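A short worksheet on the structure shown next.
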Amino acid sequence: NCSSLPSPAFEIQTVPCIPQNVIAYIDCESNNVSVFWDPSNGTESYLVTAQGNSGHWASCNATDTECVISDVYCGLSYYITVQAIRMQCNSSQSSAVTVKTVPCVPQNVDALMNCDAGYMSVSWELSQGAISYIATAEGSNVQQCSANETLCDITELDCGETYTITVRAHDDSCDTAESASIT
Numbered sequence: 004n005c006s007s008l009p010s011p012a013f014e015i016q017t018v019p020c021i022p023q024n025v026i027a028y029i030d031c032e033s034n035n036v037s038v039f040w041d042p043s044n045g046t047e048s049y050l051v052t053a054q055g056n057s058g059h060w061a062s063c064n065a066t067d068t069e070c071v072i073s074d075v076y077c078g079l080s081y082y083i084t085v086q087a088i089r090m091q092c093n094s095s096q097s098s099a100v101t102v103k104t105v106p107c108v109p110q111n112v113d114a115l116m117n118c119d120a121g122y123m124s125v126s127w128e129l130s131q132g133a134i135s136y137i138a139t140a141e142g143s144n145v146q147q148c149s150a151n152e153t154l155c156d157i158t159e160l161d162c163g164e165t166y167t168i169t170v171r172a173h174d175d176s177c178d179t180a181e182s183a184s185i186t
């Protein structure tokens, strides 16, 4: 029995491992999504994808285990996945995690003074992603009212004063920037 010498060795790389332990956080100030995950064997880089519940997509690329997605829209939920990339083969996407972006800034703020009762009714348009609102009147004193809808009444205003009105929207974890002010 005779056999040949072995052939020259040939290396082949398998598909990179699927990224694990993905977590995502929203930065309430910038509305950027920071994503972190454990390193995957056999990867050269990572593609992080955010799919919004409105159909909007955003992504970022990284060579380490964190990435910041900066072009997400306000007031949406995004499903975040991470994929390990290698030149010839890519892993499947990781399990999705969900993150809510900052609510949208309230728009079209208006106020009506009820002269007889001495209070101001403040209204605004519904803000996507908001679960509550705080309207603020700043003048010689500062007064606020809060609401789950798009209207609230500010009381205890000083007579003969001018007040600047702004509204902020809130969700479970973030506040928006102030709305455009009215006087």
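Mapping of the sequence shown onto the numbering used here: residues 4 to 186, in sequence order.
For each residue, glycine too, the CB sits at the ideal point set by N, CA and C.
In this text, all values refer to a predicted model and were calculated from it rather than measured experimentally.
query	result
Thr-169 - partner residues in DSSP beta bridges	Thr-139
Own chain, CB closer than 7 Å to Val-18, minus 5 neighbours either side, in chain order	Cys-92 and Ser-94
Those residues which DSSP pairs with Gly-55 across a bridge	Tyr-81
Range of the contiguous beta strand (DSSP E) that encloses Tyr-76	No beta strand (DSSP E) contains Tyr-76, which DSSP labels as neither H nor E.
Alpha-carbon spacing of Thr-68 relative to Ile-168, whole angstroms	44 Å
Ser-130 to Ser-124 span [Cα, whole Å]	18 Å
Neighbourhood of Thr-165 by C-beta, 8 Å cutoff - its chain only, sequence neighbours within 5 removed	Gly-142 and Thr-186
Whether Val-75 touches Val-36 by CB criterion (8 Å)	yes
CB contact check: Val-38 to chain D, cutoff 8 Å	Included in the structure is just one protein chain, with no chain D present.
Inter-residue Cα distance where the pair is Ser-43 and Tyr-49	9 Å
Candidates Gln-86, Ser-149 and Ala-138, of which the one nearest Phe-39 by Cα	Gln-86
Inter-residue CB distance, Val-105 and Cys-31 (contact presumed, cutoff 8 Å)	6 Å
Residue interval of the beta strand (DSSP E) (run including Thr-101)	100-103
Ile-157, enclosing beta strand (DSSP E) - first and last residue	154-157
Which of helix, strand or coil DSSP assigns to Gln-23	coil
Coarse secondary structure for Asp-113, derived from DSSP in three states	strand
Simplified DSSP assignment, three categories, for Val-36	strand
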